[in-house]
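Student:
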Amino acid sequence: MINYTEKIPNNVDLGRDRVLQRALEHWQPAYLSWWYDMGPNESHNFEVYLRTAISVEPDGWAQFDYIKMPEYRWGIFLQPRDEKRQVNFGMHKGQPAWQDVPGEYRSILRRIIVTQGDTEPASVEQQKMLGLSCPSLYDLRNIFQVNVEEGRHLWAMVYLLHRYFGRDGREEAESLLARRSGDTDNPRILGAFNEPTPDWLAFYMFTFFTDRDGKFQLCALAESGFDPLARTCRFMLTEEAHHMFVGETGVSRIIQRTCEVMRDNKIDDPADVRALGVIDLQTIQRYLNFHYSVTLDLYGSDVSSNAANYYTSGLKGRFRETKLEDDHILRDALYPVSEVVGDKINTKQVAALTALNERLRDDYIEEIQAGVNRWQRVIDEAGIPFRLTLPHKGFHREIGNFTGHFISPTGEILTEEQWKAHEFEWLPSPKDYAYVQSLMSGRVAELGKFANWIAPPVKGINGKPLDFQYVRFN
Ligand code: BYC
Numbered sequence: 007m008i009n010y011t012e013k014i015p016n017n018v019d020l021g022r023d024r025v026l027q028r029a030l031e032h033w034q035p036a037y038l039s040w041w042y043d044m045g046p047n048e049s050h051n052f053e054v055y056l057r058t059a060i061s062v063e064p065d066g067w068a069q070f071d072y073i074k075m076p077e078y079r080w081g082i083f084l085q086p087r088d089e090k091r092q093v094n095f096g097m098h099k100g101q102p103a104w105q106d107v108p109g110e111y112r113s114i115l116r117r118i119i120v121t122q123g124d125t126e127p128a129s130v131e132q133q134k135m136l137g138l139s140c141p142s143l144y145d146l147r148n149i150f151q152v153n154v155e156e157g158r159h160l161w162a163m164v165y166l167l168h169r170y171f172g173r174d175g176r177e178e179a180e181s182l183l184a185r186r187s188g189d190t191d192n193p194r195i196l197g198a199f200n201e202p203t204p205d206w207l208a209f210y211m212f213t214f215f216t217d218r219d220g221k222f223q224l225c226a227l228a229e230s231g232f233d234p235l236a237r238t239c240r241f242m243l244t245e246e247a248h249h250m251f252v253g254e255t256g257v258s259r260i261i262q263r264t265c266e267v268m269r270d271n272k273i274d275d276p277a278d279v280r281a282l283g284v285i286d287l288q289t290i291q292r293y294l295n296f297h298y299s300v301t302l303d304l305y306g307s308d309v310s311s312n313a314a315n316y317y318t319s320g321l322k323g324r325f326r327e328t329k330l331e332d333d334h335i336l337r338d339a340l341y342p343v344s345e346v347v348g349d350k351i352n353t354k355q356v357a358a359l360t361a362l363n364e365r366l367r368d369d370y371i372e373e374i375q376a377g378v379n380r381w382q383r384v385i386d387e388a389g390i391p392f393r394l395t396l397p398h399k400g401f402h403r404e405i406g407n408f409t410g411h412f413i414s415p416t417g418e419i420l421t422e423e424q425w426k427a428h429e430f431e432w433l434p435s436p437k438d439y440a441y442v443q444s445l446m447s448g449r450v451a452e453l454g455k456f457a458n459w460i461a462p463p464v465k466g467i468n469g470k471p472l473d474f475q476y477v478r479f480n
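Under the numbering used here, the first residue of the sequence shown carries the number 7, and numbering increases by one thereafter.
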């Protein structure tokens with residue numbers, strides 16, 4: 007069990023490293039100040055029924071209780087060390103896993119950790135205003151849970167920076183609190199983390215699509231030969247599962263509610279659907295197209311020498327690296343990537359080593375497709391003839407081989423003019439956003455009540471009923 011009388015709960019024996027402890031205690035007030043400014047709006051006095059990580063044991067790592075979010079104990083937890091663990095891929099394959107940063111990889115490792123760390127506070131910033139328009143206390147509690155855990159994930163990365171990267175690491179940790187999502191002068195590092203999350207449909211799409219990128223990137227980093235990074239990411243993944251659950255069930259409940267209204271009133275025209283205060287399936291499809299495409303960009307270029315270096319150096323592996331059956335060096339392996347040639351999208355084989363971003367993106371797409379199929383079942387069960395589809399991989403991309411091309415959701419190559427003529431059939435328009443936001447003008451805060459545009463969940467949190475007081479406003 008973690009000792010909660012310590013200022014920073016941890017299982018890394020922080021108390022024995024005075025220099026590190028002082029560095030973190032110095033960073034902690036800056037973090038809290040960031041939380042007061044950029045954390046959930048007007049929430050500081052709320053008591054929220056939250057899960058807090060208290061150990062790393064698989065059967066009991068979390069404790070549920072009311073807590074004011076600024077008093078949440080953001081701790082540092084690493085999965086226990088396996089003394090026999092090795093570097094499992096790349097040119098150092100077979101060497102004992104590194105407990106310290108190899109000097110030659112210091113700067114790239116720092117860069118990977120900073121990129122990962124930067125996404126965590128970014129998502130909290132993106133979601134800052136949503137508590138004011140929650141569809142229920144259950145959902146409000148869930149977004150706050152996601153937010154405090156993203157905060158903890160920032161702590162996890164900052165721990166690595168402080169512990170292993172000395173002064174540079176401390177400077178990077180400060181910069182993580184200085185960048186701001188969407189800021190023109192000092193934006194967050196990756197594209198999707200500078201996009202607004204203006205409403206709850208966007209929030210659920212984000213936690214379904216973008217948090218799942220988090221899962222895949224963390225899985226790749228959990229294979230790292232740098233053992234402290236691997237162990238940190240493994241524990242982060244246990245928390246990530248709930249975030250994706252929030253996203254998947256959130257979208258599913260919106261679809262369910264829409265389908266109920268369509269079925270009961272025998273309507274299918276989006277205007278009629280909107281007139282009854284729910285979100286039409288066409289708008290849901292457009293949000294899906296947006297969040298899917300900006301999240302695909304997060305995997306980086308299809309062909310990337312950075313990715314090849316990360317792998318060969320043993321710093322970032324593939325999804326489920328140790329379960330794959332090959333040489334784990336990828337000396338002669340090939341991998342298919344798409345490219346636009348003239349008016350065609352061709353597939354070409356490139357060195358698998360350089361295509362690791364694309365491969366991780368493909369692994370991700372497979373899991374995403376399964377989730378979309380589950381949403382489709384809700385529509386099918388209501389007997390509504392509408393198909394939710396994933397757009398073509400090249401649709402609306404700004405990173406990689408499709409950049410600068412105008413690809414339709416079905417994969418046709420268009421001119422810019424043609425594409426623009428259809429843009430708002432495929433992506434949410436300002437009117438769509440205005441409509442969705444018009445449904446979410448205030449907070450639904452009565453016990454057990456849910457906004458009209460979303461179905462209640464199947465069950466509550468931690469065995470509590472749906473009409474439980476998940477948040478006390480004081
Ligand atoms: N936006 O070779 P390339 C999560 C840059 S989400 C802007 O293509 P590389 C979470 C790139 O930096 C998971 N810039 O890319 C989810 C490079 O810059 P330089 C986050 C981009 O390096 C929800 C240049 O383009 N974790 O945890 O192979 C809530 C060419 O680079 C973007 C990670 O991402 C972009 N989308 O791979 C909360 C893991 N993409 O060198 C949390 C750590 C690329 O020209 N990151 N660039 O200055 C990485 O492993 C890699 O940095 C990336 C990119 C996979 C992101």
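Every residue gets a Cβ at the ideal spot worked out from N, C-alpha and C, and that includes glycine.
Hey, residue 447 and residue 139 are a contact pair by Cβ (cut 8 Å); roughly how many whole angstroms apart?
Tutor: The residue given as residue 447 occupies position 441 in the sequence shown. The residue given as residue 139 occupies position 133 in the sequence shown. The pair is a contact, with the Cβ atoms about 7 Å apart (cut-off 8 Å).
Student: Looking at the secondary structure, which residues open and close the beta strand (DSSP E) in which residue 354 lies?
Tutor: To locate residue 354, count along the sequence shown from 1; it is residue 348. Taken as a continuous stretch (DSSP letters only), the beta strand (DSSP E) holding residue 354 covers 350-357.
Student: State yes or no: is the C-beta of residue 376 nearer than 6 Å to some heavy atom of ligand 1?
Tutor: For the purposes of this step, residue 376 is taken as residue 370 along the sequence shown, with counting starting at 1. Result no, Cβ not under 6 Å from ligand 1.
Student: What are the residues that DSSP puts in a beta bridge with residue 104?
Tutor: By one-based count along the sequence shown, residue 104 stands at place 98. Looking at the DSSP assignment, residue 104 forms a beta bridge with 232.
Student: Just reading off the beta strand (DSSP E) that residue 53 is part of, what are its end residues?
Tutor: For the purposes of this step, residue 53 is taken as the residue at position 47 of the sequence shown. Residue 53 -> beta strand (DSSP E) spans 53-59.
Student: Which same chain residues, not among the five before or five after residue 456, have their C-beta less than 7 Å away from its C-beta?
Tutor: Here residue 456 is taken as the residue at index 450 of the sequence shown, counted from 1. Within the same chain, residue 456 has close Cβ partners 141, 142, 450 and 462.
Student: Can you have a look at residue 25 and say buried or exposed, based on whether 16 or more other CB atoms are within 10 angstroms of its CB?
Tutor: Locating residue 25 in the sequence shown gives position 19, where the first residue counts as 1. Answer is exposed; the Cβ neighbour count stays below 16.
Student: Does ligand 1 have a heavy atom nearer than 6 Å to the CB of residue 313?
Tutor: Within the sequence shown, residue 313 is the residue found at index 307, counting from 1. The answer is yes for residue 313.
Student: Hey, would you say residue 252 sits closer than 7 Å to residue 407, going by beta carbons?
Tutor: Translated into the one-based positions of the sequence shown, residue 252 becomes position 246. Translated into the one-based positions of the sequence shown, residue 407 becomes position 401. No, they are not a contact pair.
Student: For residue 369, does the three-state DSSP call read helix, strand or coil?
Tutor: Locating residue 369 in the sequence shown gives position 363, where the first residue counts as 1. Helix, per DSSP.
Student: Considering just the uninterrupted stretch of the alpha helix (DSSP H) at residue 221, what are its terminal residues?
Tutor: Residue 221 sits at position 215 when you count from the first residue of the sequence shown. Per DSSP, residue 221 belongs to the alpha helix (DSSP H) from 217-227.
Student: Which of helix, strand or coil does DSSP assign to residue 478?
Tutor: Position 472 of the sequence shown holds residue 478. Strand, per DSSP.
Student: Going by the DSSP bridge assignment, what does residue 288 pair with across the sheet?
Tutor: Taking the sequence shown and counting its residues from 1, the one referred to as residue 288 is at position 282. Note: residue 288 sits in no beta bridge, so no partner.
Student: Let me check understanding here. Comparing Cα to Cα, which of 259, 303, 269 and 217 lies closest to residue 4?
Tutor: Absent from the structure is residue 4, since the part of the chain shown begins at 7 and ends at 480.
Student: For a minimum of 4 consecutive residues, which ranges assigned as the alpha helix (DSSP H) are wholly contained in the segment 245-285?
Tutor: 276-281
Student: Throw me the rounded Cβ distance for the residue 359 and residue 330 pair, which I believe falls under 8 Å.
Tutor: The sequence position of residue 359 within the sequence shown is 353, counting from 1. The sequence position of residue 330 within the sequence shown is 324, counting from 1. Not really, about 14 Å apart at Cβ, beyond 8 Å.
Student: Any heavy atom of ligand 1 closer than 6 Å to the Cβ of residue 245?
Tutor: For this step, residue 245 is matched to residue 239 along the sequence shown. Incorrect: residue 245 has no Cβ contact closer than 6 Å to ligand 1.
Student: What are the uninterrupted segments assigned as beta strand (DSSP E) that are 3 or more residues long and contained completely in the segment 57-97, given in chain order?
Tutor: 68-74
Student: Quick one: what's got a C-beta closer than 8 Å to residue 19's C-beta in the same chain, skipping five residues either side?
Tutor: To locate residue 19, count along the sequence shown from 1; it is residue 13. Here the set comprises nothing.
Student: Does the Cβ-Cβ distance between residue 241 and residue 62 come in under 7 Å?
Tutor: Your numbering for residue 241 matches position 235 in the sequence shown. Your numbering for residue 62 matches position 56 in the sequence shown. Cβ atoms of residue 241 and residue 62: closer than 7 Å.
Student: Helix, strand or coil for residue 310 per DSSP?
Tutor: In the sequence shown, the residue the question calls residue 310 occupies position 304. In the structure shown, residue 310 sits in coil (DSSP, three-state: anything other than H, G, I, E or B).
Student: Output the residue ranges of the alpha helix (DSSP H) runs that lie fully inside the segment 167-212 and measure 4 residues or longer, sorted by chain position.
Tutor: 172-184 and 206-211
Student: Could you tell me whether the segment 421-431 touches the segment 319-329, using the rule of 3 or more Cβ pairs below 8 Å?
Tutor: no
Student: What three-state label does DSSP hand residue 404 in the structure shown?
Tutor: Walking along the sequence shown from the start, residue 404 turns up at place 398. Residue 404 falls in the coil class under three-state DSSP.
Student: Confirm, please, whether the CB-CB distance from residue 82 to residue 165 is below 7 Å.
Tutor: Here residue 165 is taken as the residue at index 159 of the sequence shown, counted from 1. Here residue 82 is taken as the residue at index 76 of the sequence shown, counted from 1. Their beta carbons are under 7 Å apart, which means residue 165 touches residue 82 by this criterion.
Student: Does any heavy atom of ligand 1 sit closer than 6 Å to the C-beta of residue 197?
Tutor: As a position in the sequence shown, residue 197 is number 191, starting the count at 1. Under cutoff, so the answer is yes.
Student: Rounded to a whole number of angstroms, what is the C-alpha to C-alpha distance between residue 476 and residue 133?
Tutor: By 1-based counting over the sequence shown, the position of residue 476 is 470. By 1-based counting over the sequence shown, the position of residue 133 is 127. Approximately 19 Å, taken between the alpha carbons.
Student: Just the C-alpha distance for residue 194 and residue 203, rounded to the nearest angstrom, thanks.
Tutor: Walking along the sequence shown from the start, residue 194 turns up at place 188. Walking along the sequence shown from the start, residue 203 turns up at place 197. Each residue's alpha carbon lies about 14 Å from the other.
Student: For residue 349, which residues from the same chain have a beta carbon less than 8 Å from its beta carbon, with the 5 sequence-adjacent residues on both sides left out?
Tutor: Looking up residue 349 in the sequence shown gives position 343. Around residue 349: 419.
Student: Could you round the C-beta distance between residue 80 and residue 179 to whole angstroms and report it? I think they count as a contact, below 8 Å.
Tutor: For the purposes of this step, residue 80 is taken as the residue at position 74 of the sequence shown. For the purposes of this step, residue 179 is taken as the residue at position 173 of the sequence shown. Beta-carbon to beta-carbon, residue 80 and residue 179 are separated by about 13 Å, too far to satisfy the 8 Å threshold.
Student: Given residue 388, which residues of its chain have a CB within under 6 Å of its CB, disregarding the five upstream and five downstream residues?
Tutor: Position 382 of the sequence shown, counting from 1, holds the residue named residue 388. Once the five neighbours on either side are set aside, the close Cβ partners of residue 388 are 265 and 269.
Student: For residue 304, verify whether its CB is less than 6 Å away from any heavy atom of ligand 1.
Tutor: By one-based count along the sequence shown, residue 304 stands at place 298. For ligand 1, at least one heavy atom lies less than 6 Å from the Cβ of residue 304.
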